[in-house]
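*Asks:* Handing you this structure, nothing more for now.
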Amino acid sequence: AQSVTQLDSQVPVFEEAPVELRCNYSSSVSVYLFWYVQYPNQGLQLLLKYLSGSTLVKGINGFEAEFNKSQTSFHLRKPSVHISDTAEYFCAVSDGKAAGNKLTFGGGTRVLVKP
Amino acid sequence: DVKVTQSSRYLVKRTGEKVFLECVQDMDHENMFWYRQDPGLGLRLIYFSYDVKMKEKGDIPEGYSVSREKKERFSLILESASTNQTSMYLCASRSVLSSGANVLTFGAGSRLTVL
Numbered sequence: 649a650q651s652v653t654q655l656d657s658q659v660p661v662f663e664e665a666p667v668e669l670r671c672n673y674s675s676s677v678s679v680y681l682f683w684y685v686q687y688p689n690q691g692l693q694l695l696l697k698y699l700s701g702s703t704l705v706k707g708i709n710g711f712e713a714e715f716n717k718s719q720t721s722f723h724l725r726k727p728s729v730h731i732s733d734t735a736e737y738f739c740a741v742s743d744g745k746a747a748g749n750k751l752t753f754g755g756g757t758r759v760l761v762k763p
Numbered sequence: 065d066v067k068v069t070q071s072s073r074y075l076v077k078r079t080g081e082k083v084f085l086e087c088v089q090d091m092d093h094e095n096m097f098w099y100r101q102d103p104g105l106g107l108r109l110i111y112f113s114y115d116v117k118m119k120e121k122g123d124i125p126e127g128y129s130v131s132r133e134k135k136e137r138f139s140l141i142l143e144s145a146s147t148n149q150t151s152m153y154l155c156a157s158r159s160v161l162s163s164g165a166n167v168l169t170f171g172a173g174s175r176l177t178v179l
C-alpha cells in the first residue's frame, strides 16, 4: 500500500519570500509523484508531476519540486511567492502508469501569503 | 474549455435521507472518480469508474454507491445519509490516454451537510 505524508498542515509566508512544502511518501513499487493545487472555492488542478528522468521538475506558476528517492521525498518550492499563491497544496502518489491506476493524496498544506 | 460540472455546490440534508450527487464531464473521458475531502485528511477515494457501467471500490466505499449509465455522467449515492458523511465531495475525470500522467480534471466540489 502507498501513503503520503505532508508534514505541515499550514504554512504562513510573507509575499516575495520563499516557500517549501514538504512531502514524504511510502510505496512498495516504483512511484509517480504529483502536486495539485486548490485555489479557494475551486477544484484541484495539476501543478507538476514526476514520472521519470530528471529529479528536478518544473511546474506552472514558478513552482518546482525535487524527487529524492533515498529520502522518499518530493518537496515543493517556490523562490518568491505572490498573494495569488494562497491556496491548499496536495502531494499525491500513483501506483503506476497502467490504465486504472489510482492516486493517493496527502492531507494537504494550506499556504497563506501575507502582504 | 473542458469541464467537470457538479450539479450542486451546497446541499443540506437530514439524517436518513437518500442523497444523489451528480457529476457530468464534457471531455469524453473514460475514467471518473469520486473523492471526499476533509480537513487534515486530504482527498480519499470513494469509488472509481473505468468506463460506462464499470465501477471499483476505492478506499472508503462504505455507505456509498455509484452509477455510471452514460459515459459523461457519474453519480454518487448516499442511500441513508449520516452526519459523518458531512464533507466536501469532489468529482474528477481522466482520459485513458493520459492515465500514466494522472492529469485529473476536477469539478468545483459539492459541500454536503447532513443534520
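Protein chains in written order, with our numbering: chain A, 649 to 763; chain B, 65 to 179.
Idealized CB from N, CA, C, for every residue including glycine.
#1: Around the C-beta of T752/A, are 16 or more other C-beta atoms found within 10 angstroms, so that it is buried, or is it exposed?
#2: Would you tell me roughly how many angstroms separate the C-alpha atoms of V667/A and Y684/A, rounded to the nearest one?
#3: Relative to the C-alpha of L695/A, which candidate in R175/B, A172/B and V167/B has its C-alpha closest?
#4: Under the rule that 16 or more other beta-carbon atoms within 10 Å means buried, what is E94/B, buried or exposed?
#5: Along chain B, which residues have their Cβ under 9 Å away from the Cβ of Y698/A?
#6: Which of helix, strand or coil does DSSP assign to I110/B?
#7: My output table needs one value for I141/B: the three-state DSSP class, helix, strand or coil.
#8: How is S85/B classed by DSSP in three states: helix, strand or coil?
#9: Within the 9 Å Cβ cut-off, does P103/B reach chain A?
#10: For the beta strand (DSSP E) that contains T79/B, what are its first and last residues?
#11: Can you give me the Cβ contacts of S726/A inside the same chain, cut-off strictly under 6 Å, excluding the 5 residues immediately before and after it?
#12: Specify whether the segment 65-85 of chain B and the segment 99-107 of chain B touch according to this definition: at least 3 beta carbon pairs, one from each stretch, less than 8 Å apart.
#13: Rounded C-beta distance between I124/B and S131/B? I'm assuming under 8 Å.
*Replies:* By the coordinates alone:
#1: buried
#2: 16 Å
#3: V167/B
#4: buried
#5: Residues of chain B passing the Cβ test: none, with the nearest at roughly 11 Å.
#6: strand
#7: strand
#8: It is worth fixing the name first, because residue 85/B is Leu in this sequence and not Ser. Three-state result, L85/B: strand.
#9: yes
#10: No beta strand (DSSP E) holds T79/B; DSSP gives it neither H nor E.
#11: Per the sequence shown, residue 726/A should be read as Lys rather than Ser. Answer for K726/A: V667, G710 and F711, listed in chain order.
#12: no
#13: At roughly 18 Å, the Cβ-Cβ gap does not stay under 8 Å, so I124/B and S131/B are not in contact.
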